[in-house]
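See below for the structure under consideration.
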Amino acid sequence: MSDLDLRKIRVEKLEQLKKENIDPYPNIYKATHEAKTVTDNFSDLENKKVKVAGRLMLMRMQGKAGFCHIKDSTGMIQIYVRLDFVGEEKLKLFKTLDMGDIIGVEGEVFKTRTEEITIKVLDFQLLSKSLLPLPEKWHGLSDIEARYRQRYLDLIMNDDIKESFKIRSRAVQFMRNFLQEKGFLEVETPMMQSVYGGAYAEPFMTHHNALDMDLYLRIAPELYLKRLIVGGFGKVFELNRNFRNEGISTRHNPEFTMLELYQAYADYNDMMEICEDLICSLVKEVKGSLKIDYQDVTLDFKRPWKRITFLDAVKEYCGVDFSKIEKTPDVKKAAEKAGVKVSAKMTKWEIINEVFEEKVEENLIQPTFILDYPKELSPLAKGKPGNSELVERFEPYIAGREVGNAFSELNDPVEQKLRFEEQVKKRKEGNMEAHPMDHDFVTALEYGMPPTGGLGIGVDRIIMILVNTASIRDTILFPQLRRKDDK
RNA sequence: GGGCCGCUAGCUCAAUUGGUUAGAGCAACGGACUCUUAAUCCGUAGGUUCGGGGUUCGAUUCCCUGGCGGCUCACCA
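So the first sequence is numbered by this note's numbering: it starts at 7 and just counts up by one.
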């Protein structure tokens, strides 16, 4: 039977209901209890009247009586409908109901012979007629594409995905509370920017008609948050969406959630402390332990996490000590010898970074801080004293993936301007991910920004670990998909 | 964007080397059934096999092309 036929039958039922003056979509129903509160408080509620509302998920009718399960936001509960209790009219009406219909039931709480907590229905009301059949009750909805495109069906049928999004909500809430308790002020800065910056990425472009001006969706809030530090806020954070116009993968969605925080009179060591504290507290809160299973490994978040410099990490996993190699051609030779492909126009630090990505990242399973990155690749970070080529920057890695980025913020306006100019030069050479010049940001720095530490954490990637999924799509309710024409 | 894999009834899945009229369970419809648990039993109906083209006496199956998805590589930091 095609879905149109199935729908037609239900539409006819709908018409019939209207003929009988039954509103299939009444405005309100006041339930007194949720499914879980009934099952959790049976001893108090036994033989008492309750009103519960939910979606019909299972029906076992046997002529003049029947058991069904309804599901509300808290879970499932069994209901028992019987001719003796509801009368002939209502039983007839009940039999016309379909799985997926949303009903409100009023009745007494009892236990069946098999000890299942059940509501003996004395009266019920249809609250919303469902016109389309639900997926199969046993296997549910497993088609991955359908689960993303019709997430509502996924949520109705698959309790585990619903649980994942509850965890996500709790985690985000936890991060906000954690930071607010530490004195950080949550702020909101522009998502539509005329100059974008704060990360290496291509932006989405849009246009404001009244101003007749192109705008970019932000790739990061960084430069605005630092303006706020200039303005005198001591601790700020923003937890919201970023947009990057790049490939989609199990680890990338075009819009994703980022936490960025900035603290005046702090440096990257302070950020490391906050990062460790935040993530460990979060893991403990959500998972109840600092040791958790993720895919096929066990992650141990016990503090302190491993700390190793960028160059030492390359040395450890690739066997080459690039700190001892000065000239670009020699760096290139060493990289190629290590089996890393490099192109002719790459600079020394781009090559070493390539080696890091190829050889090191996949090994960083346990929570690890990689410290002291190349200055050339970190145009917003402050230099490391005593080394002209490195900056005070770290990235936390978990399960082989970069989950954040932090540094002692560059607050020297003259140097910042030079760094931007280097970026602009790279752009002209064809690197479209390089930063554009942001004159106003430099101006802000010229008024003076205190020494500041900043930290960014990829929220979706942290959630992936908490809900043990290999795909970022399982942490985003409506992941981006290619448009599919209906009909 | 490249490579590999997938797409069959509303859902979950079958269909022999290319061979009758594409099957089954659930859902639906009709009937029986007043403590069921994926309720059971009897019966009925339901298909653009992702779209288009080709090869063939014959295509769900083979070829070409397009669509969508998954994994992966690239881009991404």
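Ideal Cβ positions, reconstructed from N, Cα and C, are used throughout, including at glycine.
Nothing here was measured: the structure is a model prediction, and the numbers come from that model.
Secondary structure of residue i, DSSP reduced to three states
i: threonine 304; result: strand
i: leucine 267; result: strand
i: threonine 118; result: coil
i: aspartate 299; result: strand
i: arginine 174; result: helix
i: leucine 133; result: strand
i: threonine 43; result: helix
i: phenylalanine 413; result: strand
i: glutamate 4; result: Past the edges of the chain, shown from 7 to 493, lies residue 4, and the structure says nothing about it.
i: tyrosine 35; result: coil
i: aspartate 492; result: Low confidence applies to aspartate 492: its pLDDT is 48, below 50, so where it sits in the model is not reliable, and the reading given next is rough at best. Coil, per DSSP.
i: isoleucine 471; result: helix
i: phenylalanine 239; result: coil
i: arginine 257; result: coil
i: alanine 387; result: strand
i: glutamate 192; result: strand
i: glutamate 439; result: coil
i: tyrosine 86; result: strand
Residue i versus residue j: straight-line alpha-carbon distance, rounded
i: valine 3; j: methionine 278; result: The chain is shown only over 7 to 493; residue 3 falls outside these bounds and no answer can be derived.
i: leucine 231; j: aspartate 378; result: 23 Å
i: arginine 327; j: tyrosine 202; result: Checking the sequence, you will find aspartate at residue 327 rather than arginine. Cα-Cα distance, rounded: 36 Å.
i: glutamine 199; j: glutamate 356; result: 29 Å
i: arginine 157; j: cysteine 324; result: 43 Å
i: leucine 64; j: phenylalanine 375; result: 50 Å
i: serine 394; j: glutamate 382; result: 10 Å
i: isoleucine 83; j: tyrosine 154; result: 27 Å
i: methionine 264; j: leucine 12; result: 44 Å
i: valine 366; j: phenylalanine 180; result: 31 Å
i: aspartate 466; j: arginine 257; result: 9 Å
i: glutamate 151; j: isoleucine 254; result: 15 Å
i: asparagine 248; j: valine 348; result: 30 Å
i: lysine 70; j: lysine 126; result: 14 Å
i: glutamate 398; j: isoleucine 280; result: 16 Å
i: valine 92; j: lysine 55; result: 14 Å
i: arginine 489; j: arginine 407; result: 29 Å
Pick from the options that is closest to residue i, judged by C-alpha positions
i: proline 442; options: Met455, Arg425, Lys168, Gly345; result: Arg425
i: alanine 59; options: Asn393, His39, Pro457; result: His39
i: arginine 233; options: Glu261, Lys188, Ala340, Glu415; result: Glu415
i: glycine 189; options: Ser384, Phe239, Ile34; result: Phe239
i: isoleucine 108; options: Thr334, Lys126, Phe91, Leu140; result: Leu140
i: isoleucine 225; options: Arg250, Val242, Ala270, Ile468; result: Arg250
i: serine 134; options: Glu142, Gln186, Tyr35, Cys74; result: Tyr35
i: glycine 204; options: Leu229, Leu370, Asp218; result: Leu229
i: leucine 461; options: Asp46, Phe400, Lys343, Asp302; result: Phe400
i: glutamine 269; options: Ile285, Pro260, Val242, Ala440; result: Val242
i: alanine 41; options: Glu208, Arg176, Ile76, Arg479; result: Ile76
i: leucine 51; options: Val92, Phe116, Arg182; result: Phe116
i: glutamate 291; options: Glu244, Val178, Thr334; result: Val178
i: proline 196; options: Asp160, Ser175, Glu244; result: Glu244
i: tyrosine 222; options: Glu208, Val87, Ala405, Ile235; result: Glu208
Residue i: first and last residue of the uninterrupted beta strand (DSSP E) it sits in
i: glycine 93; result: Careful: glycine 93 lies outside any beta strand (DSSP E), inside the alpha helix (DSSP H) at 89-101.
i: glutamate 398; result: 393-404
i: valine 58; result: 55-67
i: isoleucine 76; result: 71-78
i: isoleucine 314; result: 312-315
i: valine 28; result: According to the sequence provided, residue 28 is isoleucine. The question's valine does not apply to it. Neither: isoleucine 28 is in no beta strand (DSSP E) and is coded neither H nor E.
i: methionine 278; result: No beta strand (DSSP E) holds methionine 278; the alpha helix (DSSP H) holding it covers 274-293.
i: threonine 481; result: Threonine 481 -> no beta strand (DSSP E), and no H or E assigned at all.
i: threonine 212; result: 211-214
Where the alpha helix (DSSP H) through residue i begins and ends
i: phenylalanine 447; result: 445-452
i: threonine 334; result: 334-343
i: lysine 431; result: 419-434
i: tyrosine 206; result: It is not in any alpha helix (DSSP H) - tyrosine 206 carries neither H nor E in the DSSP assignment.
i: isoleucine 331; result: Isoleucine 331 -> no alpha helix (DSSP H), and no H or E assigned at all.
i: phenylalanine 375; result: From DSSP, phenylalanine 375 is part of no alpha helix (DSSP H) but of the beta strand (DSSP E) over 374-380.
i: aspartate 104; result: Taken as a continuous stretch (DSSP letters only), aspartate 104 belongs to no alpha helix (DSSP H), as it is neither H nor E.
i: tyrosine 222; result: Run containing tyrosine 222: none in the alpha helix (DSSP H); it sits in the beta strand (DSSP E), 219-223.
i: asparagine 159; result: Note on identity: in this sequence residue 159 is leucine, with asparagine being the wrong assignment. First-last of the alpha helix (DSSP H) with leucine 159: 157-163.
i: leucine 461; result: Element bounds for leucine 461: not the alpha helix (DSSP H) but the beta strand (DSSP E), 458-464.
i: asparagine 251; result: It is not in any alpha helix (DSSP H) - asparagine 251 carries neither H nor E in the DSSP assignment.
i: aspartate 327; result: No alpha helix (DSSP H) contains aspartate 327, which DSSP labels as neither H nor E.
i: phenylalanine 48; result: 48-51
Distance cut-off 7 Å: residue i Cβ against heavy atoms of the ligand ATP
i: isoleucine 404; result: No copy of the ligand ATP occurs in the structure displayed, which carries no ligand at all.
Legend entry - Sufficient close CB pairs (3 or more, under 8 Å) joining the region 94-113 to the region 124-143: Touching, yes, given that three or more Cβ pairs across the two stretches are closer than 8 Å.
Inset, instruction - Evaluate the contact criterion for the region 305-314 versus the region 475-491: three or more CB pairs, one atom per stretch, below 8 Å. - result: In this structure the region 305-314 does not lie against the region 475-491, because fewer than three pairs of beta carbons, one per stretch, are closer than 8 Å.
Inset, instruction - Take every Cβ of the region 468-475, pair it with every Cβ of the region 283-300, and state whether three or more of those distances are shorter than 8 Å. - result: yes
Legend entry - Three or more C-beta pairs below 8 Å linking the region 97-113 and the region 12-27: yes
Inset, instruction - Flag this pair as touching only if the region 331-342 and the region 419-438 have three or more C-beta atom pairs under 8 Å; answer yes or no. - result: no
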